[in-house]
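Q:
Number of protein chains: 2
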Amino acid sequence: MINDLLPHIETELQKQIARLDPARTRLFHEMLTYHMGWTGEGAGPEAAGKRIRPLLVLLTCAACDADWKPALPAAAAVELVHNFSLVHDDIQDNSPKRRGRATVWTKWGVPMAINAGDALFVLSNQAIMDLAQSYPASTVVRAATILHDICLDLTRGQFLDMSYEQRNDLKLEDYWPMIAGKTSALLSACTQIGALLGNASEKEEESYRQFGHHLGLAFQVEDDILGIWGNEAITGKSAASDLVEGKNSLPILYGLGKRGRFAERWAKGPIKAGEVTAVAALLDEEGARSYASEIAREETEIALAFLEHANPRGEAGAELLKLTNKLLKRKQ
Amino acid sequence: MINDLLPHIETELQKQIARLDPARTRLFHEMLTYHMGWTGEGAGPEAAGKRIRPLLVLLTCAACDADWKPALPAAAAVELVHNFSLVHDDIQDNSPKRRGRATVWTKWGVPMAINAGDALFVLSNQAIMDLAQSYPASTVVRAATILHDICLDLTRGQFLDMSYEQRNDLKLEDYWPMIAGKTSALLSACTQIGALLGNASEKEEESYRQFGHHLGLAFQVEDDILGIWGNEAITGKSAASDLVEGKNSLPILYGLGKRGRFAERWAKGPIKAGEVTAVAALLDEEGARSYASEIAREETEIALAFLEHANPRGEAGAELLKLTNKLLKRKQ
Numbered sequence: 002m003i004n005d006l007l008p009h010i011e012t013e014l015q016k017q018i019a020r021l022d023p024a025r026t027r028l029f030h031e032m033l034t035y036h037m038g039w040t041g042e043g044a045g046p047e048a049a050g051k052r053i054r055p056l057l058v059l060l061t062c063a064a065c066d067a068d069w070k071p072a073l074p075a076a077a078a079v080e081l082v083h084n085f086s087l088v089h090d091d092i093q094d095n096s097p098k099r100r101g102r103a104t105v106w107t108k109w110g111v112p113m114a115i116n117a118g119d120a121l122f123v124l125s126n127q128a129i130m131d132l133a134q135s136y137p138a139s140t141v142v143r144a145a146t147i148l149h150d151i152c153l154d155l156t157r158g159q160f161l162d163m164s165y166e167q168r169n170d171l172k173l174e175d176y177w178p179m180i181a182g183k184t185s186a187l188l189s190a191c192t193q194i195g196a197l198l199g200n201a202s203e204k205e206e207e208s209y210r211q212f213g214h215h216l217g218l219a220f221q222v223e224d225d226i227l228g229i230w231g232n233e234a235i236t237g238k239s240a241a242s243d244l245v246e247g248k249n250s251l252p253i254l255y256g257l258g259k260r261g262r263f264a265e266r267w268a269k270g271p272i273k274a275g276e277v278t279a280v281a282a283l284l285d286e287e288g289a290r291s292y293a294s295e296i297a298r299e300e301t302e303i304a305l306a307f308l309e310h311a312n313p314r315g316e317a318g319a320e321l322l323k324l325t326n327k328l329l330k331r332k333q
Numbered sequence: 002m003i004n005d006l007l008p009h010i011e012t013e014l015q016k017q018i019a020r021l022d023p024a025r026t027r028l029f030h031e032m033l034t035y036h037m038g039w040t041g042e043g044a045g046p047e048a049a050g051k052r053i054r055p056l057l058v059l060l061t062c063a064a065c066d067a068d069w070k071p072a073l074p075a076a077a078a079v080e081l082v083h084n085f086s087l088v089h090d091d092i093q094d095n096s097p098k099r100r101g102r103a104t105v106w107t108k109w110g111v112p113m114a115i116n117a118g119d120a121l122f123v124l125s126n127q128a129i130m131d132l133a134q135s136y137p138a139s140t141v142v143r144a145a146t147i148l149h150d151i152c153l154d155l156t157r158g159q160f161l162d163m164s165y166e167q168r169n170d171l172k173l174e175d176y177w178p179m180i181a182g183k184t185s186a187l188l189s190a191c192t193q194i195g196a197l198l199g200n201a202s203e204k205e206e207e208s209y210r211q212f213g214h215h216l217g218l219a220f221q222v223e224d225d226i227l228g229i230w231g232n233e234a235i236t237g238k239s240a241a242s243d244l245v246e247g248k249n250s251l252p253i254l255y256g257l258g259k260r261g262r263f264a265e266r267w268a269k270g271p272i273k274a275g276e277v278t279a280v281a282a283l284l285d286e287e288g289a290r291s292y293a294s295e296i297a298r299e300e301t302e303i304a305l306a307f308l309e310h311a312n313p314r315g316e317a318g319a320e321l322l323k324l325t326n327k328l329l330k331r332k333q
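Quick note, the sequences are listed as chains Z and U, same order.
So the first sequence is numbered by the numbering used here: it starts at 2 and just counts up by one.
So the second sequence is numbered by the numbering used here: it starts at 2 and just counts up by one.
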């Protein structure tokens, strides 16, 4: 089913982004199609990403026994929000590459990249309003309100992430509000909007929202674990390790809270690529890995319980569970 | 009447921005209240600006014989869009000051300023949805659609402005699509949304939209004239001259099209502050000033004709005309 949905998602995204196509602004349009993975060097599915967020919208909608086709503009809207935040994140983090390709700001400069991100955000607003073609205005207002509210959470999470870089007194409890904004907020909007457009009951909608929220938390913690002990982090590209990048990930905040040898080493300045294996082992010894794995397991269970409670139906319901399992057990 | 409206506008803006106030993100909230002119060094009405856009929304609404109070969230929304674009513009233009104060990016750095601009944009989306408290959902969808559509024009105008900096083959005709996006689009949204919320007829709403559009064009051309021959540009702060900044303003594009001595000088590289008086005089001799004045006069007439056609009523109608005259004849 996912393979049937994906081409529809791409077509809808291309339609939304084509609003920028007129003659004078063709290069502007090209910046967005490049970022979306459709044009330029290295274009293709790898560059486009997995479109997890729009899939969550459509599968949730269909798992409520509703037609997913009229929900396509909402699917495009969440993916556009995600990509707007990526374009701005790459500037903020000074990242030269994304999915193996040059980022928008490295290709066209910071001022143009800020504007390209703004445009993706505008297009997401326009996309969500396109729901008015198929749904009552009151539903459109609700869907847009959900999306706008979580966008504020996104900027709040981004603020926390950036402000943490200046701090050396971070505690474990500082982790959750950052991650709730940066990762969970948008995923909870995907499943909530999908349920809303699937005409779910209030109770089901709330269960889907909670499912998306905890899916986001579990997914992020798994990602944090891979960022230190995953194959890519340990071997070969060890510069990609969260230890080298100094990320405020859960295992690192846990390790700092222990005030042991890891915290001592951390306080002395950036971890170098050559130290990664040793420092990762140290952090493991101090219990950070098993702590994070336990949290990921708990959040996964909560997410799955809410999904079960939401009562997803039919083929889409089965696919939703499959996608969830794939997201949360990525090593398998 | 304007003096009655202004405190209501500020209160509504503060309410919208207070969505960012929770404990962990207080500094984030402070970035926005600083930019809005409410807090920090130099705070006050000078720093806040004239709130022309929200005034246009409310006066238009009231000039349709409707209550302006429920339209306040829309007034806040347009001002938030304006301020989002200012925060990002200041980064893009590398401007250290705005209204005599340090810009957000000079105070908190580019990454934080990008995020602060994003948040203002999110808040404008939330504000426009707040109309649902007083208007039917179908009206909210229409108002939001108008706002989102002109936001795309904004990013398009910004793209053109930035891309023009790399070009030396600009023609007079390149001016209008840039200005339509950068200045007119938002003003036309102000008057159109005001009319929509004032329950105007379709014809009146279209007249108000056109009024806002041409008001924007006339206003921008007047501003371009002041940017070269205004007191501030010629004397004292001549570094503020559009000639020194190399802006793609109407008189400059006219002068380039003449391919005379001005164009020759322009091609040789940036104008220095000491040359401003002489180059401004040269541009005047070549007819740029009278050309721009004639265009401003024409656009002003068109704007006023559309305003008359829209049939503004009562005290608000009179105030709308007064505000228009004030905006377009700023030297008086």
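Glycine is no exception: its CB is placed at the ideal position from the N, C-alpha and C atoms.
Remember, it's a predicted structure, so these values are computed and weren't measured experimentally.
1) Any contact between the region 147–157 of chain Z and the region 117–129 of chain U? By contact I mean 3 or more CB pairs, one from each, below 8 Å.
2) Where DSSP assigns a beta bridge to A103(Z), which residues make up the other side?
3) Using a C-beta to C-beta distance shorter than 8 Å, which residues of chain U count as neighbours of R20(Z)?
4) Q167(U) by DSSP, collapsed to three states: which one?
5) Determine the closest residue to F212(Z) out of L188(Z), G231(Z), W230(Z), I226(Z), with distance taken between C-alpha atoms.
6) Alpha carbon to alpha carbon, what distance is there between L284(U) and N4(U)?
7) List the residues of chain U that V123(Z) touches, going by C-beta distances under 7 Å, in chain order.
8) Where does R157(Z) sit, in a helix, a strand or coil, going by DSSP?
9) How long is the line joining the alpha carbons of T278(U) and N232(U), rounded to whole angstroms?
10) Can you name the residues of chain U whose CB is closer than 8 Å to the CB of Q193(Z)?
11) Does the beta-carbon of T104(U) have 16 or more other beta-carbons within 10 angstroms, so that it is buried, or is it exposed?
12) Please determine whether the Cβ atom of E302(Z) lies at a distance below 7 Å from any heavy atom of the ligand COA.
13) Quick one: measure Cβ to Cβ for L1(Z) and L324(Z), integer angstroms, because I've assumed they're closer than 8 Å.
14) Which same chain residues, not among the five before or five after K16(U), have their C-beta less than 7 Å away from its C-beta?
15) How close, in whole Å, do the beta carbons of Q134(U) and D150(Z) come, if the pair is a contact with beta carbons under 8 Å?
16) Can you list the residues of chain A that M37(Z) reaches, using a CB-CB cut of under 8 Å?
17) Chain U beta carbons: is any one of them nearer than 8 Å to that of N116(Z)?
18) According to DSSP, is P137(Z) part of a helix, a strand, or is it coil?
19) Do L161(Z) and R27(U) count as a contact pair if the criterion is CB distance below 8 Å?
20) State yes or no: is the beta carbon of D68(U) nearer than 8 Å to at least one beta carbon in chain Z?
21) For G43(Z), which residues of its own chain have a beta-carbon under 6 Å away from its beta-carbon, when the five flanking residues on both sides are left out?
22) Whose Cβ in chain Z lies nearer than 8 Å to the Cβ of R266(U)?
23) Grouping DSSP H, G and I as helix and E and B as strand, with all else coil, what is E91(Z)?
24) Excluding five sequence neighbours on each side, which residues of the same chain lie with their C-beta closer than 7 Å to the C-beta of C152(Z)?
25) Distance check for A78(Z) and S125(Z), CA to CA, integer angstroms please.
26) If we cut at 8 Å on Cβ distances, does S139(Z) have a partner in chain U?
27) Could you run through the region 84–98 of chain U and flag, in chain order, every residue whose CB is less than 7 Å away from some CB of chain Z?
28) Report yes if the C-beta distance between A138(Z) and A138(U) is below 8 Å; otherwise report no.
29) Chain U partners of D170(Z), CB-CB under 9 Å?
30) Between the region 268–278 of chain Z and the region 302–320 of chain Z, are three or more C-beta pairs nearer than 8 Å?
31) Using CA atoms only, rank isn't needed, just tell me which of K259(U), D131(U), L305(U), L132(U) is closest to H214(U).
32) First and last residue of the alpha helix (DSSP H) that includes A72(Z)?
33) Output needed for E320(Z): all residues of its chain with C-beta closer than 7 Å, excluding positions within five of it in sequence on either side, in chain order.
34) In chain U, which residues lie with their C-beta within 9 Å of the C-beta of P71(Z)?
35) Taking the alpha-carbon positions, what's the I253(Z) to P178(U) distance?
A: This is what the structure holds:
1) yes
2) K98(Z)
3) L153
4) Correct three-state label for Q167(U): coil.
5) Checked all of L188(Z), G231(Z), W230(Z), I226(Z); the closest Cα to F212(Z) is L188(Z).
6) Rounded to whole angstroms, N4(U) to L284(U) spans 40 Å at the Cα level.
7) H149, C152, L153, T156
8) DSSP places R157(Z) in helix when its eight states are reduced to three.
9) 11 Å
10) Correct list: empty, because the minimum Cβ distance to chain U is about 15 Å.
11) buried
12) Ligands in the displayed structure: none, and consequently the ligand COA is not present.
13) One cannot answer for residue 1(Z) here, as it falls past the ends of chain Z, which runs 2 to 333.
14) Excluding residues within five positions, none has a Cβ falling inside 7 Å.
15) Actually they are not in contact, since the Cβ atoms of Q134(U) and D150(Z) sit about 15 Å apart, beyond 8 Å.
16) Chain labels in this structure do not include chain A; the protein chains are Z and U.
17) yes
18) coil
19) Going by C-beta atoms, R27(U) is not nearer than 8 Å to L161(Z).
20) no
21) R102
22) In chain order: nothing, as chain Z lies at least about 27 Å away.
23) Before going on, a small fix: residue 91(Z) reads as Asp here, not Glu. Correct three-state label for D91(Z): helix.
24) V82
25) Taking the CA atoms as reference points, S125(Z) sits about 4 Å from A78(Z).
26) yes
27) H89, I92, Q93
28) Taking 8 Å as the cut-off, the beta carbon of A138(Z) is found closer than this to the beta carbon of A138(U).
29) Near D170(Z) there are no residues of chain U at all, since even the closest Cβ is about 14 Å away, more than 9 Å.
30) no
31) L305(U)
32) Segment: none, A72(Z) is in no alpha helix (DSSP H) and carries neither H nor E.
33) M2, I3, L60
34) The contacting residues do not exist; P71(Z) stays about 15 Å from chain U at best.
35) 51 Å
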